[in-house]
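Counted the way our numbering counts, the sequence shown spans residues 2 to 477. Cβ atoms here follow ideal geometry from the backbone N, Cα and C, with glycine treated the same way.
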Amino acid sequence: MAPVAAATQPGVAHCTLVKTYGVVLAGGVGARLGLSVPKQMVKVAGKTILEHTVGVFQASPLIDDIIVMITPGWTEEVATLLGDRYRKLSLILEGGHTRNETTRRVIEAIEDAEAKVLLHDAVRPLVDERIIAACVRELDRNDAVDTAIPSADTIVMVDEDEVITKIPDRSRLRRGQTPQAFKLSVLRAAYERAIEDPYFHATDDCGVVVRYLPDVDVKCITGSENNIKVTHAVDLFIADKLFQLAAVGAPHKTPDQLAAALAGRVVVVLGGSYGIGAEIARLAKAAGATVIAHGRSTTGLHVQDLAAIEQALAGVAAEHGRIDAVILTAGLLKTGPLAAMPPEEISEVIAVNYTAAVNVARAAFPHLAATHGHLLLFTSSSYTRGRENYALYSSSKAAVVNLTQALSEEWAADGVKVNVVNPERTDTPMRRDAFGQEPAGTLLSAEQVAQASLDTITSDLTGIVVDVRRSQEAAA
């Protein structure tokens, strides 16, 4: 077998001016999920799996162009779905009937003599920037890169009768993921040799290089346990939970960036009398937004009263001509055994913590649809699991998360973004009333949560649980 050209040999200096392509392989049909649509078109956490994946590559500063290879017959629908929101997206092409045929079409579509090419399964929407960056940078030292993680399970080899023949050393085994990254010239050379083999078949592209270019090392970088492939029905559930539990947040904005983003915007804060709501109102005003803050103790507005909310928002729209964001921070914390709680207290807790979110959403929608605005709700860390003596509060906050995710899908076509903030324990009057004075440094400040909230309403996020944690604030 002839050696690969010198320009593609390991150790040869790589030109940093070559483009880096993120290729999203979206050719699955969803058969194992029992779906009538390709699995990458299923919605998880407010967006299709494909949108999540393309969004990660769009956000990476190391990716220049994005190519989407889609299931035959779905090109037009995918083009409509992705629209012009992803400026790096340069091509949407039909994939082949096999993974290898799809890769050959990618190679033909990229006209550059040399490039960095990252091939990634569309149905791995939880890939992160660390993994992408590691692949791109490793191509400065190697010609081919695979993403893999150590195997936590013992792997056994069996014969045709299911009798174990060998148990390999687990410490040397890895579970393959994507992206798989290559210098274009290496990938091209591997496939040129592969098509000469009448018995050619491979399930991944690193395998093509390993088999047909044995002198080329394929370097492994460490992936992530969260970088799962959505293949079976249970994977949809797991992916949704991972999105819920991920520490997701909008990029932090400097004061100048926030002022530019809020210039001319009208923001309504419900629950703005004190605590987080008051801080949001203060910071938004300082950044130049027009802010209208309502609260039970200041303007007498009860957030569980639909008619009152509709009237308040209509008044804002009439006076200022628009509403760009509605933020609901009001909450009511009552603890104790459910069986011992008076009926009127049960009704009040549900009304303030959940019914209010429903009513605010209904009243805000027409105003936010007119501006492609933002609805921001609040949950609690207790939403992930009910806690003793917090039955109503925890379950109401879990319902708010589900409401957020559902509305983000319902309102996506109208351009309305819906997110929910999940702050760690925060120093607010409501918390001090419930728990008294707590040790300094153990709580978030209301200002920190307010800043994260404003970062969110000036972002393109939707359907996301925005975690705000003290560790993140320290890092910032």
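Based on DSSP bridge pairs, tell me the residues matched to residue i.
| i | result |
| --- | --- |
| GLN178 | THR148 |
| VAL421 | LEU378 and VAL466 |
| THR49 | LYS44 |
| THR372 | Beta-bridge pairing links THR372 to no other residue. |
| THR291 | VAL267 |
| ILE26 | First, the residue type needs correcting, since residue 26 is Leu and not Ile in the sequence shown. Looking at the DSSP assignment, LEU26 forms a beta bridge with MET70 and ASP122. |
| VAL159 | ILE165 |
Can you name the start and end residues of the beta strand (DSSP E) that residue i belongs to?
| i | result |
| --- | --- |
| GLU95 | 90-95 |
| PHE379 | 375-379 |
| LYS117 | 117-122 |
| LEU271 | 267-271 |
| LYS20 | Where LYS20 is concerned, there is no enclosing beta strand (DSSP E), given that its DSSP letter is neither H nor E. |
| VAL79 | No beta strand (DSSP E) holds VAL79; the alpha helix (DSSP H) holding it covers 76-83. |
| LYS254 | That residue, LYS254, is in no beta strand (DSSP E); it is neither H nor E in DSSP. |
| ILE165 | 165-167 |
What is the rounded straight-line gap between the Cα of residue i and the Cα of residue j?
| i | j | result |
| --- | --- | --- |
| LEU90 | ASP66 | 6 Å |
| ASP316 | VAL269 | Contrary to the premise, residue 316 reads as Gly rather than Asp in this sequence. So the two alpha carbons sit approximately 11 Å from each other. |
| GLU139 | VAL211 | 17 Å |
| THR99 | ILE71 | 12 Å |
| GLY224 | VAL57 | 15 Å |
| TYR87 | VAL55 | 8 Å |
| TYR22 | THR81 | 22 Å |
| ASP147 | VAL69 | 20 Å |
| LEU119 | CYS207 | 11 Å |
| ALA6 | VAL187 | Below a pLDDT of 50, predicted positions are generally treated as unreliable, and ALA6, at 39, falls in that range; the measurement from the model is reported next regardless. Roughly 9 Å between the two C-alpha positions. |
| PHE379 | ALA116 | 45 Å |
| MET158 | VAL164 | 8 Å |
| VAL327 | LEU377 | 6 Å |
| ARG297 | GLY84 | 43 Å |
| GLU226 | PRO367 | 41 Å |
| VAL292 | GLU411 | 27 Å |
| ALA149 | GLN178 | 5 Å |
| ALA341 | ILE156 | 53 Å |
| HIS202 | VAL137 | 27 Å |
| ALA182 | ALA234 | 28 Å |
| PRO180 | GLU320 | 52 Å |
| SER446 | GLY337 | 26 Å |
| PRO199 | PRO169 | 31 Å |
| HIS253 | GLN449 | 11 Å |
| ILE132 | VAL25 | 15 Å |
| THR204 | ILE324 | 52 Å |
| SER396 | LEU455 | 26 Å |
| LYS167 | LEU92 | 45 Å |
| VAL361 | ASP154 | 48 Å |
Please go through the same chain and pick out, in chain order, the residues whose beta-carbon is closer than 6 Å to the beta-carbon of residue i, but skip the five residues on each side of it.
| i | result |
| --- | --- |
| LYS418 | HIS375 and THR463 |
| ALA294 | VAL270, GLY273 and ALA282 |
| PRO73 | GLU95 |
| ALA288 | LEU259, ALA260 and LEU263 |
| PRO126 | ILE50, HIS53 and THR54 |
Note down, in chain order, each residue of its chain lying with its Cβ closer than 7 Å to the Cβ of residue i, except the 5 sequence neighbours on either side.
| i | result |
| --- | --- |
| ALA357 | VAL304, GLN305, LEU329 and ALA331 |
| ALA451 | ILE277, GLU280, ILE281 and LEU284 |
| VAL401 | TYR355, ALA358, LEU378, THR380 and VAL421 |
| ALA135 | ILE222 |
| ASP241 | VAL45 and ALA46 |
| SER152 | ARG171, LEU174, ARG175 and ARG176 |
| TRP75 | PRO39 |
| ALA313 | HIS295 and LEU302 |
| ASP122 | LEU26, THR179 and LYS230 |
Go to residue i, then tell me how far its alpha helix (DSSP H) extends in each direction, as first and last residue.
| i | result |
| --- | --- |
| VAL402 | 392-411 |
| VAL450 | 447-458 |
| VAL69 | Not the alpha helix (DSSP H): VAL69 falls in the beta strand (DSSP E), residues 66-71. |
| ARG100 | 100-110 |
| ALA135 | 130-139 |
Less than 8 Å between C-beta atoms, sequence neighbours within five positions excluded: which residues of the same chain meet that for residue i?
| i | result |
| --- | --- |
| ASP218 | PRO11, ASN143, ASP144 and ALA145 |
| LEU237 | LEU34, VAL43, VAL45 and VAL231 |
| ILE1 | The chain is shown from 2 up to 477; residue 1 falls before or after that span and cannot be answered. |
| ILE229 | ARG125, LEU127, ASP236, ILE239, ALA240 and LEU243 |
| ILE108 | LEU185, LEU188, ARG189 and TYR192 |
Tell me, please, whether the CB atom of residue i is closer than 8 Å to any CB atom in chain B?
| i | result |
| --- | --- |
| ALA309 | Absence of chain B from the displayed structure is noted, only one protein chain being present. |
Completely contained beta strand (DSSP E) runs for the region 300-366, where each covers 3 or more residues = The qualifying runs are 326-329.
Segments of 3+ residues assigned as beta strand (DSSP E) that fall wholly inside the region 183-241 = Whole beta strand (DSSP E) segments, 3+ residues: 219-223.
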